[in-house]
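S.K.: One structure coming up, written as structure tokens, with questions to follow.
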Amino acid sequence: MMREIIYSLPEQIREAAGSVPERLFRNRVYDNALICGMGGSGISGEIAAALYPQVRITVNKDYLVPGFVDKKTLAILVSYSGNTEETLANYGQLLRRGIDMVLISSDGKLHKKKAGRKIKVPAGLPPRGALGYLFTPLPMIMRRANLIPRDPRRELQELAAFLAGQRDRIEEMARGLAPGFAGRLIILYADSAAFVPVANRWRCQLNENAKVFAHYNVIPEMNHNEIVGLGRPEKFNPDTSVIFINDPLSHPRNRTRRRLLKSLIGNELPAIVEISPKGKNVMQHMFWAIMLGDFVSYYLALEQGVDPLPVVRIEELKRKLAGHRQKIDKR
Ligand code: PA5
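All residue numbers for the sequence shown refer to the numbering used here, where the first residue is 70 and numbers rise by one.
Structure, rendered in structure tokens:
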């Protein structure tokens, strides 16, 4: 089932591109967006923030919303289940501050809230398998709120068509790559701020589908700290894989940094893989690389004999938290 879910990303994008009502808001003027959400839901906000660097987008992944949020802020709350307590706590604070909200969920408490414009996405998927449904409304909403200048619909439709044309090749590539990562510690590096959410998505999918630990960081920042600790303790090096997820539009200086880094660490960490995304713009590059990571995590799960679907620890922790009655909304 997970394979079909990953494969369905283009259809999700195509379907969701028509799901945002024309008239979302009356006359409010916004100058920034706050996107709240955790895990498989929150990653959609990270991707949107990376895609629209010209807009002030803050991604919130905590119980409290930032103090600067005011009536000029459009808040978008994303929770696939609609029951995530951090996001529900954000709702309460935003409501009290009179902030306009759009609530994206498949159901749950968020969907039953009185305030906020609601967007319902199809139910029955794991949150991380609903990326197309959760991400696509974000640029549409930001356009309706005049936060971005151009209608993103065409770009989204083109993205869906591009991914539909590429997915078989992407899957084939992932099937080839995954066995090389079995039983290994995986370190992911992005070479631009735009690709940080892509590296993070790879990490999350490796964690949740393949049930392995993975780490990510970004060039140039990691050149100023992590580069020193990389490959220590040395005993893990024979079992470590380093994956560079290359942004085709990254700063030329970052590409030079990547090349130099590879030659610096190559002797100690020889298992290096470079990913070169395809596409004609940053949105296509990002989602091409995301789809590859999704498939890699799926085939790595199969390779290691684990079921990609259940995320037992996440659910168990949520169950245990529900048993601890505490005042969540502190403000
Ligand atoms: O992938 C997952 O299951 C998690 O990362 C969830 O997305 C996260 O716990 C938040 O839940 P929800 O997406 O329902 O808000």
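Note that beta-carbon positions come from the ideal geometry of N, C-alpha and C, so glycine has one too.
Would you say the beta carbon of Ser148 is closer than 8 angstroms to some non-hydrogen atom of ligand 1?
M.R.: Ser148 Cβ: within cutoff of ligand 1.
S.K.: Ligand 1 heavy atoms versus the CB of Asp171: any closer than 8 angstroms?
M.R.: For the sequence presented, residue 171 should be read as Val rather than Asp. No, since every heavy atom of ligand 1 falls outside the 8 angstroms radius drawn around the Cβ of Val171.
S.K.: Among Leu361, Ile112 and Leu163, which one has its Cα closest to the Cα of Phe137?
M.R.: Of the candidates Leu361, Ile112 and Leu163, the one whose C-alpha sits nearest the C-alpha of Phe137 is Leu163.
S.K.: I'd like to know whether the C-beta of Leu371 is nearer than 9 angstroms to at least one C-beta of chain B.
M.R.: The structure shown contains no chain B; it holds only a single protein chain.
S.K.: In the DSSP assignment, the beta strand (DSSP E) including Asp258 goes from what residue to what residue?
M.R.: One point to set straight first is that residue 258 is Tyr, not Asp, in the sequence displayed. Here the beta strand (DSSP E) through Tyr258 covers Leu254 to Ala259.
S.K.: Comparing C-alpha positions only, which one of Ile188, Arg236, Gly198 and Glu227 sits nearest to Arg92?
M.R.: Ranking the options by Cα distance to Arg92, first place goes to Ile188.
S.K.: Report the residue ranges of all beta strand (DSSP E) runs contained in full by the segment 326-357; include only those spanning at least 3 residues, in chain order.
M.R.: Entirely contained in the segment 326-357, the beta strand (DSSP E) runs reaching 3 residues are, in chain order, 341-344.
S.K.: Mapping DSSP to helix, strand and coil, what is Thr205?
M.R.: Coil, per DSSP.
S.K.: Out of Arg125, Val265 and Leu371, which one is the CA nearest neighbour of Glu290?
M.R.: For Glu290, the nearest C-alpha among the options comes from Val265.
S.K.: Indicate, with yes or no, if ligand 1 has a heavy atom lying under 8 angstroms from the CB of Val281.
M.R.: False, no ligand heavy atom lies under 8 angstroms from that Cβ.
S.K.: Got a sec, what are the start and stop residues for the alpha helix (DSSP H) Ile288 sits in?
M.R.: Taken as a continuous stretch (DSSP letters only), Ile288 belongs to no alpha helix (DSSP H), as it is neither H nor E.
S.K.: Tell me the DSSP bridge mates of Asp169?
M.R.: Answer is Leu143.
S.K.: Within the chosen definition, does the segment 77-93 reach the segment 218-233 through at least 3 CB pairs nearer than 8 angstroms?
M.R.: Yes: the two stretches touch, three or more of their Cβ pairs being nearer than 8 angstroms.
S.K.: Smallest Cα separation from Glu372: which of Val281, Glu154, Gly185 and Ala247?
M.R.: Cα-wise, what sits closest to Glu372 is Ala247.
S.K.: Kindly indicate the opening and closing residues of the beta strand (DSSP E) around Arg97.
M.R.: No beta strand (DSSP E) holds Arg97; DSSP gives it neither H nor E.
S.K.: DSSP three-state call for Glu158: helix, strand or coil?
M.R.: The displayed chain sequence assigns Ala, not Glu, to residue 158. Correct three-state label for Ala158: helix.
S.K.: Would you tell me roughly how many angstroms separate the C-alpha atoms of Val134 and Gly335, rounded to the nearest one?
M.R.: Looking at the two C-alpha atoms, the distance is approximately 43 angstroms.
S.K.: Go ahead and label Asp363 buried or exposed: buried means 16 or more other beta carbons lie within 10 angstroms of its beta carbon, across all protein chains shown.
M.R.: So Asp363 ends up on the buried side.
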